[in-house]
Amino acid sequence: MESSGQHGYIHRKDDYLKRLRRIEGQARGLQRMVEDEKYCIDILTQVSAMTKALQSVALGLVEEHLSHCVVQAAQAGGREADEKVREATEAIARLVRS
478 MESSGQHGYI
488 HRKDDYLKRL
498 RRIEGQARGL
508 QRMVEDEKYC
518 IDILTQVSAM
528 TKALQSVALG
538 LVEEHLSHCV
548 VQAAQAGGRE
558 ADEKVREATE
568 AIARLVRS
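Here the numbering used here runs 477 ahead of the position in the sequence shown, where the first position is 1.
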């Protein structure tokens, strides 16, 4: 985790928050669909849409992290660069598995 300076996504923070709020609304909508006993396929369609929206946020954050945090660490070199590359690799691996 980056502890000093600004995170790479900060210039798009409002966009990320807007997208996450929309996803939160989708989750509430899914809860209502289950409560209202909607058709399974309709619920699954909405789950798929929500999953795609979350993946889009995740990919944006990965791009921001690579282009900001990892690039800065690579320019500085040394142990921090190795740590940022390892951290990014592990995060990408988690996303691929999810």
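Think of the CB as a built atom: it goes at the ideal place given N, C-alpha and C, for glycine as much as any other residue. In this text, all values refer to a predicted model and were calculated from it rather than measured experimentally.
Judged by DSSP in its simplified three-state form, residue 513 adopts coil rather than helix or strand. Excluding its 5 nearest sequence neighbours in each direction, residue 511 has C-beta neighbours in its own chain below 7 Å: 520, listed in chain order.
For residue 555, the enclosing alpha helix (DSSP H) stretches over residues 555-574. If you draw a straight line from the Cα of residue 515 to the Cα of residue 525, it comes to about 16 Å. Around the C-beta of residue 542, 16 or more other C-beta atoms lie within 10 Å, and the residue is accordingly described as buried. Contact fails between the segment 562-574 and the segment 496-513, because fewer than three Cβ pairs, one in each stretch, are under 8 Å apart.
Inter-residue distance for residue 556 and residue 562 is about 10 Å (C-alpha atoms, whole angstroms).
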